[in-house]
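Trainee: What follows is a single structure, and I will ask about it in a moment.
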Amino acid sequence: MAPRPVPNGKNTKSVFIKTYGCQMNVYDSERMADVLAPIGYAAVDTPDHADLVILNTCHIREKAAEKVYSELGRIRKHQKSNNPDMKVAVAGCVAQAEGAEIKRRAPVVDMVLGPQTYHRLPEMIAKVTRETGDVLETDFDTVEKFDALPAGRNAKGYSAFLTVQEGCDKFCTFCVVPYTRGAEVSRPVDQIVAEARSLASQGVREITLIGQNVDAYHADGPDGSQWGLGNLIRHLAKIGGIDRMRFTTSHPRDMDADLIETLATEPKLMPYLHLPVQAGSDRVLDAMNRGHTYAHYRDLIARIRAARPDIALSGDFIVGFPGETDQDFEDTMNCVREIGYASSFSFKYSVRPGTPGASLPRQVPEDVKSERLKRLQELLYMQQREWNESLIGKTLDVLVEGTARGDGQLFGRSPYLTGTHFDGPEELIGQIVPVTITSAGVNSLVGSIAKT
Ligand code: 5AD
Ligand code: SF4
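Counting from 9, one number per residue, gives the positions in the sequence shown under my numbering.
This is the structure we're talking about:
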């Protein structure tokens, strides 16, 4: 992270923020930096000599949560050898889920703050600096947080996330999110518009609207009617300078006809949709409390593809949910064969303490989960490669985000969100450039600037 200037010009202190997990944590980390800048904290990209280290954590799977504790061990060493006054904060979903337990396991931690309290970071810092006591802030007040955050954003780069909805009321039986992020809350339209304008005025050209259930978005529109995500997208697309829009993550229960229509008619909306199904078996979907069947999902996909035939479809999959039989797993494989994915995220079921799934009988053995994941990923990655290869010879508009690490080429994203590499001058960073695709791998494309 590049150091960012602070409004009063005095970078008296430094903060290192490490982000784990989803896009919402990426957004939250940027907002923490926005909250800290006015009190003199400049963001730095290593923890070595930082005055404040914040780990913005993820609790979604056990592995993600455990990473935090090993990082805290490393941080303690920096503190000992470089800066004994270094303050350490654990933020995000591990903080929310584990609270005071974190401090017990890792005494180096001074502050534990959940995802709905980071707007209060300045007072928390004052508290730990003044007193010797530690701080634990894990209240739930999403509305208060958004009201308290500065309207302006300190934009980084040309593509930005913007949280429009947070929390989840779905209670899938495997998932911690409803417990760590709280109930579904939508932000008011004017707050979102102000933030989008602030981003656009700083050169951001692509905005991804994010929410745990982004298509559950609903709020009073300026015309007095209830707005869903479709209305919001069409409204934001009118902001000058914003050329591309995306949204994530969708839920098969919440995608309404207006949103599908918006995919068909709003030219700034990119042809990419992340719509998790998790499993292909109705029995497993029911045990997961997903609230939809496979047939519902398949019909929805058919309607989406009718509206936007070139859509790149992405999904999340879990293998080895308790009680998943060989046949249930074959249903997931058949779902993938039938739907066809351009990108995907697939996981072994991870027991999360406190969720209903944790106490279900017939937990699937680890070796069975590994075997299923291997087979599923072979299929998904083959589809991903085929999708990417189908783009060879086509010219795609790539929003150039910067230079690629290692190969000295430019790096950007295609409309389908695929990372794309090509040779070109650095002046093109921030531009949307037509690139003719010459080769493709599982996760990325290579091309050259299209000849006019
Ligand atoms: N185990 C494995 N994967 C999970 N996910 C959520 N909870 C778990 C869990 N307990 C996956 C889901 C979700 C994605 C963000 O993470 O697929 O869509
Ligand atoms: Fe978790 Fe299900 Fe909510 Fe998604 S919809 S955040 S998987 S509980």
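The beta carbon of each residue, even a glycine, is placed where N, CA and C say it ideally should be.
Where does Y357 fall in DSSP's three states?
Mentor: Here residue 357 refers to the residue found at position 349 of the sequence shown. Coil at Y357, not helix or strand.
Trainee: Starting from M132, follow the beta strand (DSSP E) in both directions and report where the run begins and ends.
Mentor: Position 124 of the sequence shown holds residue 132. Not the beta strand (DSSP E): M132 falls in the alpha helix (DSSP H), residues L129 to R138.
Trainee: Quick one: does the C-beta of Q173 sit closer than 7 Å to a heavy atom of ligand 2?
Mentor: As a position in the sequence shown, residue 173 is number 165, starting the count at 1. It does not: the Cβ of Q173 is nowhere closer than 7 Å to a heavy atom of ligand 2.
Trainee: Quick one: residues in its chain with C-beta nearer than 7 Å to the C-beta of A314, no 5 flanking neighbours on either side, listed in chain order?
Mentor: Along the sequence shown, one-based indexing puts residue 314 at 306. Counting only Cβ-Cβ distances below 7 Å, and skipping sequence neighbours, we find nothing.
Trainee: What did DSSP end up calling L281 once you bin it into helix, strand or coil?
Mentor: For the purposes of this step, residue 281 is identified with residue 273 of the sequence shown, where counting begins at 1. Strand, per DSSP.
Trainee: State the beta-bridge partners of W395 as determined by DSSP.
Mentor: Within the sequence shown, residue 395 is the residue found at index 387, counting from 1. Answer is none; W395 lacks a bridge partner.
Trainee: Specify the secondary structure class of P186 as computed by DSSP and reduced to three states.
Mentor: Residue 186 sits at position 178 when you count from the first residue of the sequence shown. Of the three classes helix, strand and coil, the one that applies to P186 here is helix, per DSSP.
Trainee: So if I measure from each beta-carbon to every heavy atom of ligand 2 and keep distances below 5 Å, which residues remain?
Mentor: Here the residues come out as C176, K178, C180, C183, V185 and Q220.
Trainee: Alpha carbon to alpha carbon, what distance is there between P196 and Q220?
Mentor: For this step, residue 220 is matched to residue 212 along the sequence shown. For this step, residue 196 is matched to residue 188 along the sequence shown. Their backbone Cα atoms lie some 16 Å apart in a straight line.
Trainee: Please state whether the Cβ-Cβ distance between P130 and I47 is less than 8 Å.
Mentor: In the sequence shown, residue 130 corresponds to position 122, counting from 1. In the sequence shown, residue 47 corresponds to position 39, counting from 1. Yes; because the gap between Cβ atoms is below 8 Å, this pair is in contact.
Trainee: At 4 residues or longer, and completely inside the segment 53-99: list those alpha helix (DSSP H) runs for me, N to C.
Mentor: Correct list: 70-89.
Trainee: In the DSSP assignment, find the unbroken alpha helix (DSSP H) run with S37 in it and report its ends.
Mentor: On the sequence shown, position 29 is the one that residue 37 refers to. Taken as a continuous stretch (DSSP letters only), the alpha helix (DSSP H) holding S37 covers Q31 to L44.
Trainee: Which residue or residues does DSSP assign as beta-bridge partners of P442?
Mentor: Taking the first residue of the sequence shown as 1, we reach residue 442 at position 434. BP columns for P442 point to D405.
Trainee: Quick check on the DSSP output: the beta strand (DSSP E) that includes I326 runs from which residue to which?
Mentor: In the sequence shown, counting from the first residue as 1, residue 326 sits at position 318. I326 -> beta strand (DSSP E) spans A320 to V327.
Trainee: Quick one: what does DSSP say I110 is sitting in, helix, strand or coil?
Mentor: Translated into positions along the sequence shown, residue 110 becomes position 102. Helix.
Trainee: Count the other CB atoms, across all protein chains shown, that sit within 10 Å of the CB of S456; report buried if there are 16 or more and exposed otherwise.
Mentor: Your numbering for residue 456 matches position 448 in the sequence shown. With fewer than 16 Cβ atoms within 10 Å of its Cβ, S456 is classed as exposed.
Trainee: Would you call the CB atoms of I68 and G29 closer than 8 Å?
Mentor: Translated into the one-based positions of the sequence shown, residue 68 becomes position 60. Translated into the one-based positions of the sequence shown, residue 29 becomes position 21. In contact: I68 and G29 (Cβ atoms closer than 8 Å).
Trainee: Between V441 and L407, what straight-line distance do the alpha-carbon atoms span, to the nearest angstrom?
Mentor: Position 433 of the sequence shown, counting from 1, holds the residue named residue 441. Position 399 of the sequence shown, counting from 1, holds the residue named residue 407. Distance between the alpha carbons of V441 and L407 is about 6 Å.
Trainee: For H259, tell me which candidate among R393, C176 and A272 has the shortest Cα-Cα distance.
Mentor: Stepping through the sequence shown from its first residue, residue 259 is reached at position 251. It is C176.
Trainee: Going by beta-carbon coordinates alone, are N90 and D56 separated by less than 8 Å?
Mentor: As a position in the sequence shown, residue 90 is number 82, starting the count at 1. As a position in the sequence shown, residue 56 is number 48, starting the count at 1. It is a contact, given that the beta carbons lie within the stated cut-off.
Trainee: Determine the extent of the beta strand (DSSP E) in which A168 is found, giving its start and end residues.
Mentor: Counting from one through the sequence shown, the residue named residue 168 turns up at place 160. Residues S167 to T171.
Trainee: Mind checking whether the beta-carbon of Q6 lies closer than 7 Å to any heavy atom of ligand 1?
Mentor: In this structure the chain extends from 9 to 460, so residue 6 is not present and cannot be described.
Trainee: Could you give the DSSP three-state label for G249: helix, strand or coil?
Mentor: Here residue 249 is taken as the residue at index 241 of the sequence shown, counted from 1. If DSSP states are grouped into helix, strand and coil, G249 belongs with coil.
Trainee: Roughly how far, in whole angstroms, is the beta-carbon of V117 from the beta-carbon of K111, given that I think they are within contact range, below 8 Å?
Mentor: Translated into positions along the sequence shown, residue 117 becomes position 109. Translated into positions along the sequence shown, residue 111 becomes position 103. Yes, V117 and K111 are in contact; Cβ-Cβ is about 5 Å, under 8 Å.
Trainee: Give the DSSP-derived three-state secondary structure of A202 in the structure shown.
Mentor: The residue you call residue 202 lines up with position 194 of the sequence shown. It is helical.
Trainee: Taking the beta strand (DSSP E) that V120 falls in, what are its first and last residues?
Mentor: Working through the sequence shown from its first residue, we reach residue 120 at position 112. Run containing V120: M119 to L121, per the beta strand (DSSP E) assignment.
Trainee: Measure the C-alpha to C-alpha separation of K75 and H127 and round it to an integer number of angstroms.
Mentor: Numbered from 1 along the sequence shown, position 67 holds the residue referred to as residue 75. Numbered from 1 along the sequence shown, position 119 holds the residue referred to as residue 127. Their backbone Cα atoms lie some 25 Å apart in a straight line.
Trainee: Using 10 angstroms around the beta-carbon of R82, count the other beta-carbons present and answer buried if the total reaches 16, otherwise exposed.
Mentor: For the purposes of this step, residue 82 is taken as the residue at position 74 of the sequence shown. Classification for R82: exposed.
Trainee: Looking at the structure shown, is Y302 part of a helix, part of a strand, or coil, going by DSSP?
Mentor: Counted from its first residue, the sequence shown places residue 302 at position 294. Helix.
Trainee: May I ask you to list the residues that DSSP assigns as paired with F430?
Mentor: Here residue 430 refers to the residue found at position 422 when the sequence shown is read from its first residue. L418 and G455, per the DSSP bridge assignment.
Trainee: Which one or two residues does DSSP pair with S22 in a beta bridge?
Mentor: Working through the sequence shown from its first residue, we reach residue 22 at position 14. Beta-bridge pairing links S22 to A50.
Trainee: What's the gap between the Cα of Q385 and the Cα of Y357?
Mentor: The residue given as residue 385 occupies position 377 in the sequence shown. The residue given as residue 357 occupies position 349 in the sequence shown. Between Q385 and Y357, the C-alpha separation is close to 14 Å.
Trainee: Might you give, ordered along the chain, the residues of its own chain that have their beta carbon closer than 7 Å to the beta carbon of P364, omitting 5 neighbours on each side?
Mentor: The residue labelled residue 364 in the question sits at position 356 within the sequence shown. T181, listed in sequence order.
Trainee: Taking the straight line between their C-alpha atoms, what separation do you get for C343 and S352?
Mentor: Against the sequence shown, residue 343 aligns to sequence position 335. Against the sequence shown, residue 352 aligns to sequence position 344. Each residue's Cα considered, the two are about 13 Å apart.
Trainee: Please classify E203 as buried or exposed, where buried requires at least 16 other C-beta atoms within 10 Å of its C-beta.
Mentor: Taking the first residue of the sequence shown as 1, we reach residue 203 at position 195. By the neighbour-count rule (16 or more Cβ atoms within 10 Å), E203 is buried.
Trainee: Can we count F255 as close to ligand 1, meaning its CB is less than 7 Å from some heavy atom?
Mentor: Residue numbering aside, residue 255 sits at position 247 when the sequence shown is read from its first letter. Flag unset: Cβ of F255 not near ligand 1.
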